[in-house]
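*Asks:*
There are 2 protein chains.
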Amino acid sequence: MIKRINIIGAGNVGIHLAKALSKHLSIESVYSYNLINAKNLVSEVGGNAVSEIEELSNEVDLNIITIKDDYIEKIISDLPIGIPTVHTSGTKGIEFFKDFTNYGSFYPLQTFSKNTYLDMSKVPFLIEANGKEFEIDLINLVQRNLSKNTSVVDSQSRANIHLAAVITNNFTTQLLVEAQSILEKSKIDLKILQPLLEETIRKSFLNSPKQALTGPAKREDIKVLEKQYDAINNAKLKTVYKLMSELILGKDINF
Amino acid sequence: MIKRINIIGAGNVGIHLAKALSKHLSIESVYSYNLINAKNLVSEVGGNAVSEIEELSNEVDLNIITIKDDYIEKIISDLPIGIPTVHTSGTKGIEFFKDFTNYGSFYPLQTFSKNTYLDMSKVPFLIEANGKEFEIDLINLVQRNLSKNTSVVDSQSRANIHLAAVITNNFTTQLLVEAQSILEKSKIDLKILQPLLEETIRKSFLNSPKQALTGPAKREDIKVLEKQYDAINNAKLKTVYKLMSELILGKDINF
């Protein structure tokens, strides 16, 4: 059973995981490139703050890598292969760990902000391991300390899920940024869209997004589409408007 | 005070409005091109079902047009100019009513489905009228019978709000359709994205969408962007992916 862990990386994901895990497990050390961040985190979760990988405790059952995707391969090459190690990335495979005895990934499918409370028990965790026994260790770790909502998925499936998450989550957020700047022209607060968007999301998951679709493209109301297309100033958003409308219509629009 | 009304159009909007209004007001007649739809609705809300505009009651305080945008001008030309009349369209102006004594619009900023319950009291209504007195009549009508959430906005602002609604609401729904087909490749249920999307929406409205943004484009993680771009098969979605990422980044991507 996993009892002692190191947290590598003290960013949004590292902070939220360390806080949740420290309730029942012992955090031995927290690594951050920036020592201040590590110190801030250990003041809440315990353990030693370190800014050199070599200073991480070797007396642990698990190293958890929470740093940015681009630095994961480098960090892995510096870590002891005898200690079970996982990363928390949605996009990285686990092939970089191949010299390790036990390795894998648990990826929290959620958006983390430093200062926003998050109910960890509702976060879906995607788990992958190089062997059945270690997979069970990871499932137990997550279910006992983080969330019951776990799925075992391979790297390819995790990449598909991450892509689907980027498309729905990040793009929706950016569409709200664009909507805000359109509404500002009429000095209207973005909040006016909240009931509409919440109802749409609710219906999309209750039935299916295809059934939940409404609006001018769904109604094939080409006049409205053309009028709205003309009203958009930002060239990139204009093209997005046309393409998304074509995806909804299922055919090309000639304007 | 408005007491007797006709509902013109028995589609999603007509049904939801008629049901809500019939609680305290008298529905005199319901028009639908398809008489069956009108008959179905009057069986719930009262009044006469008609399929000819001339058969609508003239003993009413308000005609409410809820039909598709494309047919609104034609219907307006057939209606008596002495009866106060409104439409419920997000995109149409009110200039087509110019021969009428009292006219305007109240647009419910919400997505309506025939068989889905909706809490009307939370729907924002956008109200426009050709005069102050009729504007007050409409505000009272909406606030007493439909929703306290009313704003008075002119046609230009309503068009901006409708554009913002299409971009956030319809496009988000279509992005969920695309996500569903990506997830199907790994036999993963779309519901896995629900906690993530709900949290994103919550944070976007609590703070601002700009602050809520996360993901590879926000982190300027070009490697991940390129990998995900390559993984998308649908050509239109591929271009949407690139453009949305560029909008988040605030600059062009070269791949």
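Protein sequences appear in the order of chains A and B. Residue numbers for the first sequence follow our numbering, so the first one is 30 and each next one is one higher. Residue numbers for the second sequence follow our numbering, so the first one is 30 and each next one is one higher. The C-beta atom is built at its ideal place from N, Cα and C for all residues, glycine as well.
1. Any chance the segment 52-67 of chain B sits against the segment 30-39 of chain B, with 3 or more Cβ pairs inside 8 Å?
2. Give the DSSP bridge partners of A78(A), in chain order.
3. Under 9 Å between the Cβ atoms of N77(B) and E83(B)?
4. If you run the structure through DSSP and keep just helix, strand and coil, what is V171(B)?
5. Considering only DSSP beta bridges, list what Y100(B) is partnered with.
6. Should I165(A) be labelled buried (16 or more other beta-carbon atoms within 10 Å of its own) or exposed?
7. Would the C-beta of N174(A) count as close to the ligand MG, meaning under 8 Å from any of its heavy atoms?
8. Flag S215(A) as yes if its beta-carbon sits less than 9 Å from any beta-carbon of chain B, otherwise no.
9. In the DSSP assignment, the beta strand (DSSP E) including L254(A) goes from what residue to what residue?
10. Give me the residue from V152(B), L91(B), N131(B) with the minimum Cα distance to T140(B).
11. Would a check of beta-carbon distances place D24(B) closer than 9 Å to chain A?
12. Keeping to the same chain, check which residues put their C-beta closer than 8 Å to that of L147(B); ignore five residues upstream and five downstream.
13. Are there 16 or more other CB atoms within 10 angstroms of the CB of E57(A), so buried, or fewer, so exposed?
14. Which of the three DSSP states, helix, strand or coil, is assigned to G133(A)?
15. Under 9 Å, CB to CB, which of the residues in the segment 81-111 of chain A have a partner in chain B?
16. Does any CB atom of chain B fall closer than 9 Å to the CB of V206(A)?
17. Could you have a look at E157(B) and say whether DSSP puts it in helix, strand or coil?
18. If contact means a Cβ-Cβ distance below 7 Å, which residues of the segment 221-245 of chain A contact chain B?
19. Here's a check: name, in chain order, each residue in its chain whose Cβ is nearer than 8 Å to the Cβ of S55(B), leaving out the five neighbours to either side.
20. 9 Å is my cut-off, CB to CB: does V152(B) come that close to chain A?
*Replies:* Taking the geometry as given:
1. yes
2. V59(A)
3. no
4. helix
5. Answer is none; Y100(B) lacks a bridge partner.
6. exposed
7. With respect to the ligand MG, the structure shown offers nothing to examine, as it has no ligands at all.
8. yes
9. From DSSP, L254(A) is part of no beta strand (DSSP E) but of the alpha helix (DSSP H) over 251-260.
10. V152(B)
11. Look at the range of chain B in this structure, 30 to 284, and you will see that residue 24(B) is not part of it.
12. H45, Q139, F141
13. buried
14. strand
15. K97, D98, D99
16. yes
17. strand
18. I221, L222, Q223, P224, L225, L226, E227, E228, T229, I230, K232, S233, F234, P238, K239, A241, L242, T243, G244, P245
19. K32, R33, I34, G75, G76
20. yes
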